[in-house]
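Notes follow the structure.
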Amino acid sequence: MASLITLTCSTLLISCSTASEEDREADDPSLFLALSISCTWVIFQRAVLSPYRLSTLTCCKKSSAVVVHPNIYSAATRGASNGFVAELTKEEMKRLSAMKGVVSVFPNEKKQLLTTRSWDFMGFPQKVTRNTTESDIVVGMLDSGIWPESASFSDKGFGPPPSKWKGTCETSTNFTCNNGSVPEGEFESARDANGHGTHTASTAAGGIVDDASLLGVASGTARGGVPSARIAVYKICWSDGCFSADILAAFDDAIADGNGILTSNSAGNSGPDLASITNFSPWSLSVAASTIDRKFLTKLVLGDNQDSISLNTFKMKDMHPIIYAGDAPNRAGGFTGSESRLCTDDSLDKSLVTGKIVFCDGSSRGQAVLAAGAAGTIIPDEGNEGELFLFLNATAKIERSIAVKEESAPIVASFSSRGPNPVTTDILSPDITAPGVQILAAWTEASPLTDVPGDKRVAKYNIISGTSMSCPHASGAAAYVKSFHPTWSPAAIKSALMTTATPMNVKTNTDLEFAYGAGHLNPVKARNPGLVSCTKATNGTVWDLNYPSFTLTTRDGKTVTRTFARTVTNVGSAVSTYKVKVTASPGLTVKVEPSVLTFKSLGQKKTFTVTATAAGDELKLTGSLVWDDGVFQ
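With mature numbering (1 follows the signal peptide of the UniProt record, and there is no 0) as the guide, the letters of the sequence shown map in order to residues -19 to -1, 1 to 614.
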């Protein structure tokens, strides 16, 4: 049975917007332009025939020119969604929105992409038990495409795609499909120019590749979560971002091409602020990013051979003097030391920094330093700025990074977006966390490895961080579970991933569930969760979702009590008895009724209630509920 698991890794940015009339001055000459400019809008209708879309536009367009986006217009005829895209003025959009049969009209928003040891760290070794049906799983990647020549996408040992797969190969720009990367869905071209899609695809379902590394750093075996699965490529992201119309068209094609879709989304890279999460819908899996038990040390050879935590692929041969950027301002260009210390563009005096290692304040990425002729740059972490001032008059050499063990992992990355859910705090977001820091995976060879001027190096593999890196780990894990349970619904798979997650250390993750959701992804345990919670299609409120997590919000500092009802389905042993285990922090009391669930057959359902009482004077309280039959939990 062919199955499709889709992956989207993006965050929202609006690309077509104008200031409201109320925000403008009456004599502002741009007001007229704002009212008459055409923007691209996505229009969703109730079930209608394609010709009606054009007649709908004719009623609302003043001009005879009707511009319809070809991708989603053609994709909509495949039946998954009744929508199309058109260029409309704001006035035309309002008239169209008021028409009978139009469900919604919204801007065609632009979204931006968020950016080998990881699978082993999750207790998911290369020789883990696998099902022979894994090769029938199709992992759909909605991203920037892939680099098909990568060894991670080799189809060696693959037979033809499963017969149930309906996709076709739309070749272009010298792109060749194979049995490993299932032919489908290239909007214009599926070739990856920036590396993001290649990285995420190989993380989720890339093949096993020995001796993979980033120019010698982190050498080892690269592999995806389901290396025997197929990859369907839907290129939706370009150099300027990812547009809603392309995303919706790709989803439409993905639904028509396969079945059993579970969407996993990156939580976003706007952390650590609370309520910064950007993808939080309860019908998808929102994934935070956390560290793995590997970090990189870069040796700074000077007085005491001091080590620093960073990632560096260059290796210096000679010693170079260290200079503080604040002592080398480009005064001829009008810069002062307080500006040059941040190593911004053109702020450094080339005559003072050429051939030296420049010590910068702030979060500069170093391009301006190298453009000024420096041999290297040192950028300290926040709070460590003063450590190297003792060595500013010394000479130094920066060596290539080496990988060492990180004992404190997993820790949710500071950049990973946090909850609570900004739409409703009654649904926990994110759902789960997975490895997303310094992940090695395949990369495109279409462009240089870095944007440093003069760096023309390309690499077959790259190490990058982001919730976009954690997201494909969850997709790979979902595909792994699906290979053993082909009839499970997306909700059942999501429940399995969440309820079997490994608990996080609350002392090193102080944002608690707002940072990591149900816990750290555990693919092996998710294969046999024992019990699953499945949502119903007729849910009416957030309290009726049968969600595999619980959230309770206090108001005005008052103690609050809420009773949740949950129904679980037995997928473990036919005859089994589960006993409940509850832990809760001070200020939170939890009562479960009944405290024992007895099952006599597989597929049998049982309902229980959870009554939680929380003190209103606490900012965050945490607890856990585990059903355990001695085998599954």
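Just so it is clear, CB atoms sit at the ideal spot from N, CA and C, and this is done for glycine as well.
Note that the coordinates shown come from a computational prediction; the quantities given were computed from them, not determined experimentally.
DSSP places ALA256 outside both helix and strand once states are collapsed to three, so it counts as coil.
Taking C-alpha positions only, ALA193 is separated from GLY138 by approximately 20 Å. A direct Cα-Cα distance of roughly 26 Å separates VAL505 from PRO142. Around the beta carbon of ARG275, a 10 Å sphere encloses 16 or more other beta carbons of the protein chains shown; the residue is thus reported as buried. Contact check for PRO484 and SER566: beta-carbon distance about 13 Å, past the 8 Å limit, so the pair fails to qualify. By the Cβ-count criterion, PHE495 is buried, with 16 or more other Cβ atoms from all chains shown falling within 10 Å of its own Cβ. For ASP101, the enclosing alpha helix (DSSP H) starts and ends at 99 to 102. Using a Cβ distance threshold of 8 Å, ALA270 and GLY417 count as a contacting pair. Nearest neighbour of ALA199 by Cα position, chosen from THR279, LYS147, ALA415, turns out to be THR279. In the structure shown, CYS515 adopts coil according to DSSP, grouped into three states. In this structure, the alpha-carbon of GLU68 lies about 42 Å from that of GLY188. The distance from the Cβ of ILE212 to that of GLY176 is about 16 Å, inconsistent with a contact at the 8 Å cut-off. In the structure shown, PHE277 falls within a strand segment according to DSSP collapsed to helix, strand and coil. Going by beta carbons, ASP326 and ALA309 fall outside the 8 Å limit.
The alpha carbon of SER257 has as its nearest neighbour, out of PRO401, ASP609, ARG543, the alpha carbon of PRO401. Counting along the chain, THR184 sits inside the alpha helix (DSSP H) bounded by residues 177 to 186.
Rounded to whole angstroms, GLY347 and SER395 show a C-alpha spacing of 21 Å. For PHE465, the enclosing alpha helix (DSSP H) begins and ends at 448 to 465. According to the DSSP secondary-structure assignment, ARG172 is paired through a beta bridge with ILE127. DSSP, read as helix, strand or coil, puts ILE474 in helix. Spanning the alpha carbons of ALA455 and SER470 requires a straight line of approximately 16 Å. One alpha carbon belongs to PHE102, the other to ILE303, and they sit about 38 Å apart. VAL573 is bridged by DSSP to VAL591. Taking every protein chain shown into account, the CB of THR564 has fewer than 16 other CB atoms within 10 angstroms, so this residue is exposed. Between ASP191 and TYR305, the alpha-carbon positions lie close to 42 Å from each other. Contact annotation: ASN503 and GLY104 have beta-carbon atoms nearer than 8 Å. In this structure the segment 541 to 548 touches the segment 582 to 598; the number of beta carbon pairs closer than 8 Å is three or more. Contact annotation, ILE420 with SER398: C-beta distance approximately 17 Å; criterion of less than 8 Å not satisfied. Cα atoms of ASP492 and THR406: separation of roughly 15 Å, rounded to the nearest angstrom. Going by DSSP, VAL339 is part of no alpha helix (DSSP H) but of the beta strand (DSSP E) stretching over 338 to 340. Here ASP299 is exposed: its Cβ has fewer than 16 other Cβ atoms, across all protein chains shown, within 10 Å. For GLY457, the closest alpha carbon among the candidates THR272, GLU115, THR588, ASN311 is that of GLU115. With 16 or more neighbouring CB atoms inside 10 Å of its own CB, MET122 falls in the buried class. Rounded to whole angstroms, the gap between the alpha carbons of ALA422 and LYS71 is 44 Å. By the beta-carbon neighbour count (other beta carbons within 10 angstroms, threshold 16), VAL462 is buried.
Rounded to whole angstroms, the gap between the alpha carbons of SER464 and THR272 is 27 Å.
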